[in-house]
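Student:
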Amino acid sequence: MQKIISILQKSLYYGAKQIGNILSPPQCAHCKLLLKEYAVFCTPCEQTITPVVSTTITLSSTYTMKIFAISGYKEPIKSLILAKSRSDRVASQQLGELIWKNIPLKHAEIDYLIPIPLHWTRYAYRGYNQAHEMARIIGRYKNKSVLPVLARKNRTLFQSTLTHAKRLDNVKDAFTIVGDGSQIRDKHILLVDDLMTTSATLQSAAKLLIKYKPASISAVVACRVV
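One point on numbering: in the working numbering, the residue at position 147 of the sequence shown is 199, and numbering is uninterrupted.
1. Looking only at C-alpha atoms, which of I241, I166, G231 and A252 sits nearest to D225?
2. Could you tell me the alpha carbon to alpha carbon distance between K265 and H82, rounded to whole angstroms?
3. Which residues in the same chain as A143 place their Cβ atom closer than 6 angstroms to its Cβ, once the five residues preceding and following it in sequence are excluded?
4. Identify which residue in T250, D246, T249 and Q235 has its Cα closest to the Cα of K263.
5. Does N195 pass the burial test, meaning 16 or more other C-beta atoms within 10 Å, or should it be called exposed?
6. For S123, which residues from the same chain have a beta carbon less than 7 angstroms from its beta carbon, with the 5 sequence-adjacent residues on both sides left out?
7. Can you tell me whether W172 is buried or exposed, with buried defined as 16 or more other CB within 10 angstroms of its CB?
8. The beta strand (DSSP E) spanning V273 covers which residue range?
9. Taking the alpha-carbon of F93 as reference, which of T228, L150 and D232 has the nearest alpha-carbon?
Listed below in structure tokens is the structure:
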């Protein structure tokens, strides 16, 4: 039954997208060139994306976390990340589509996608969580559930305004678990966020999650500072 519902949801999603393309012709999210069919970027803009290799960080004696990114923090993707400041939900969804297209997640072992959460005050101001929108799109393609098991208990400063050392302190103990954490035990977890600078935010979230003994934990971001 769940499989049938998933198929119907995908059919409705792609049908709505086709209707949307007819009513509002698609255009490149960067140069605004009109496109014959839907894509986030036109071919010339997409060809300017410079891929970056994954990086791995150590979380504990038994856990490491591989972090995947599409590119460095530069155009044409940078503008889609910055669009969150003007509450552009579509830009966040486009980041999810770009991740699916450019990062090999199709055959990756994933049970749940966990978005990095916003503090409730920032969520109220923005109206959505960009990481959750990204995770929702990836999950739709992957046919996996988004599990909002993390909550941000502290209204931290924006990481971009801080030095490397202060970024680590800023997000230390910033997160808490919603529920008892049993959902993630022995599960393969994929953390989702839009941008990685020092990896402090991802590390803080991951170190909390590994206390509940997942099978593995990895992360994906649209861009990382290199």
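Even for Gly, the Cβ is constructed at its ideal location relative to N, Cα and C.
Tutor: On the basis of the data shown:
1. As a first step, residue 225 is located in the sequence shown; it is residue number 173 there, counting from the start. Nearest option by C-alpha distance: A252.
2. Reading the sequence shown from its first residue, position 213 is the one you call residue 265. Reading the sequence shown from its first residue, position 30 is the one you call residue 82. So the two alpha carbons sit approximately 41 angstroms from each other.
3. Counting from one through the sequence shown, the residue named residue 143 turns up at place 91. For A143, where only same-chain residues beyond five positions count, the Cβ hits under 6 angstroms are L132 and A135.
4. One-based indexing of the sequence shown puts residue 263 at position 211. Closest by alpha carbon: Q235.
5. To locate residue 195, count along the sequence shown from 1; it is residue 143. It counts as exposed.
6. Numbered from its first residue, the sequence shown carries residue 123 at position 71. Once the five neighbours on either side are set aside, the close Cβ partners of S123 are I101, T102, P103, V104, I129 and C275.
7. Numbered from its first residue, the sequence shown carries residue 172 at position 120. Exposed, because fewer than 16 other Cβ atoms sit within 10 Å of the Cβ of W172.
8. Stepping through the sequence shown from its first residue, residue 273 is reached at position 221. S268 to R276 is the span of the beta strand (DSSP E), which, as asked, contains V273.
9. By 1-based counting over the sequence shown, the position of residue 93 is 41. F93 has its Cα closest to that of L150, out of T228, L150 and D232.
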